[in-house]
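Residue numbering for the sequence shown is 51 to 327, as defined by our numbering. Idealized CB from N, CA, C, for every residue including glycine. Bear in mind the structure is a predicted one, so any value in this text is a computation, not a measurement.
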Amino acid sequence: MSKPFTKLTVLTILTVFFQTILMFQPDAQILMAAELTARQIMEQVDARNNGDNVTMNTRMVLIDKKGEQRVHEILSYKKDKGQDHMALMMFVDPPGVKDVGFLTYDYEDQGKEDDQWLYMPAVHKTNRIAGGDKSSSFMGSDFNYSDMSSVDVDDYDYELMENTEVNGVPVWQIRSTPKTQDVIEKTGYTKSILFVRKDNFVVIRSALWVHKRSQIKYMEVKNLELIDKIWVATEIHMTTKKGQDLLHKTILSQSNVKFDQNLSDDLFTLRRLEKGT
51 MSKPFTKLTV LTILTVFFQT ILMFQPDAQI LMAAELTARQ IMEQVDARNN
101 GDNVTMNTRM VLIDKKGEQR VHEILSYKKD KGQDHMALMM FVDPPGVKDV
151 GFLTYDYEDQ GKEDDQWLYM PAVHKTNRIA GGDKSSSFMG SDFNYSDMSS
201 VDVDDYDYEL MENTEVNGVP VWQIRSTPKT QDVIEKTGYT KSILFVRKDN
251 FVVIRSALWV HKRSQIKYME VKNLELIDKI WVATEIHMTT KKGQDLLHKT
301 ILSQSNVKFD QNLSDDLFTL RRLEKGT
């Protein structure tokens, strides 16, 4: 089921649990040949079908500036309910984060703020992530809570900077700028530069300027696979830098990706969130 042109993933590449699943557009070559505006390009990025009733295994590797690593293993689920989207992440390893759960309701209604809840089994408590907290780091990673859901396309101005290439692939380079201070506060970013593939409207690289810090985050899709006619970013690197200094890095890897699974709505509830794996 295709989405109307109303919402845009913050990182644009991260659609299914960091919005990593992207739909191939049969008419992409036709659209590529047309003279598209930056806004129209980003509408196409947003409009793809991203698959439904999805299950996958996610590995999140956290790397500090000394090169020391922590690895989290996660079970991820995603289901569409009408035009809304539900997602659940359950941490299974290491033992210190086992049964930590993260539930997201991503609403298509522009006037309704997305809901997010984090369950911490150590204290048997579920916290709703408030709008003001969504610019915070998600589980110590280089991704914000705001990166786990979407924002309105209308919240941004877009400028087509140039036609260029990334690793030999033709892309559009687009500047995205929040229209209001409120959007900046909620997302944690003051602007971003996006590199969108011309053949399938996949964002394969981006740079994001962090609000109130002299930091820039760099996202790079290292591996993109076509699974059941759906593009899956099976390896994504997000790096935070201050000048030339590396501060932190997160590597997300997706495996065992399956679409059209029999997922019940009951899986995406607070009650189920608090049961753990």
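So, for residue i: in the same chain, excluding its five sequence neighbours on each side, which residues have a beta-carbon less than 7 Å away from its beta-carbon?
i, result
"Ser196", "Val60, Lys184, Ser185, Lys236, Thr237, Gly238"
"Leu125", "Asn107, Met140, Val142, Thr327"
"Gly181", "Glu163, Lys236"
Taking 6 Å as the limit between beta carbons, can you name the residues of its chain near residue i, skipping five residues before and five after?
i, result
"Ser242", "Ser226, Ser256, Leu258"
"Ile301", "Val111, His287"
"Ser199", "Thr154, Asp156, Asp164"
"Lys299", "Ile113, Thr289"
"Asp310", "Asn103"
"Phe74", "Since pLDDT at Phe74 reaches only 42, below the 50 mark, its modelled position is unreliable, and the value read off the structure follows with that caveat. Once the five neighbours on either side are set aside, the close Cβ partners of Phe74 are Asn250, Lys279, Trp281."
"Met211", "Gln223, Arg225"
What separation, rounded to the nearest whole angstrom, lies between the Cα atoms of residue i and residue j?
i, j, result
"Gln133", "Tyr157", "7 Å"
"Trp281", "Ile91", "17 Å"
"Lys115", "Asp165", "32 Å"
"Arg305", "Asp315", "The sequence shown places Ser at residue 305, rather than the Arg named in the question. So the alpha carbons of these two residues sit roughly 23 Å apart."
"Leu323", "Gly218", "43 Å"
"Tyr268", "Gly146", "28 Å"
"Arg321", "Ala137", "14 Å"
"Lys272", "Glu215", "15 Å"
"Asp207", "Lys229", "6 Å"
"Gln223", "Arg178", "36 Å"
"Lys308", "Thr105", "5 Å"
"Leu313", "Asp130", "10 Å"
"Asp205", "Glu93", "13 Å"
"Ile234", "Phe188", "17 Å"
"Lys88", "Lys128", "For clarity, residue 88 is Ala in the given sequence; the question names Lys instead. In a straight line, the C-alpha of Ala88 is about 29 Å away from that of Lys128."
Out of the options, which one is the CA nearest neighbour of residue i?
i, options, result
"His122", "Lys128, Lys131, Val111, Glu85", "Val111"
"Val150", "Gly161, Met136, Leu168, Asp159", "Leu168"
"Lys279", "Ala88, Asn250, Lys262", "Asn250"
"Leu86", "Val221, Glu285, Asp310, Asp295", "Val221"
"Gln119", "Pro144, Ile277, Asp205", "Pro144"
"Glu285", "Glu275, Lys291, Lys262", "Glu275"
"Lys248", "Asp130, Arg98, Phe193, Asn213", "Asn213"
"Thr319", "Gly101, His135, Gly117", "His135"
"Asp295", "Phe188, Leu313, Ser264, Glu270", "Ser264"
"Leu297", "Ser191, Ala88, Gly101, Arg109", "Ser191"
"Lys292", "Phe152, Val260, Thr240", "Val260"
Along the beta strand (DSSP E) that carries residue i, what are the first and last residues, could you check?
i, result
"Asp156", "151-156"
"Leu400", "Outside the shown range of the chain (51 to 327) lies residue 400, about which nothing can therefore be said."
"Glu85", "Neither: Glu85 is in no beta strand (DSSP E) and is coded neither H nor E."
"His287", "280-292"
What first and last residue would you give for the alpha helix (DSSP H) that runs through residue i?
i, result
"Met92", "88-97"
"Leu302", "Counting along the chain, Leu302 falls outside any alpha helix (DSSP H), though it belongs to the beta strand (DSSP E) covering 295-308."
"Arg322", "320-323"
With a threshold of 8 Å on Cβ separation, who are the neighbours of residue i within its own chain once the five nearest residues in sequence on each side are excluded?
i, result
"Lys148", "Phe141, Val142, Pro171, Gly326, Thr327"
Uninterrupted beta strand (DSSP E) stretches inside the region 108-184 (no shorter than 3 residues)
119-131, 134-143, 151-156, 165-170, 175-178
Taking only runs of the beta strand (DSSP E) that begin and end inside the region 211-254, which ones reach a length of at least 3 residues, in chain order?
219-228, 239-247
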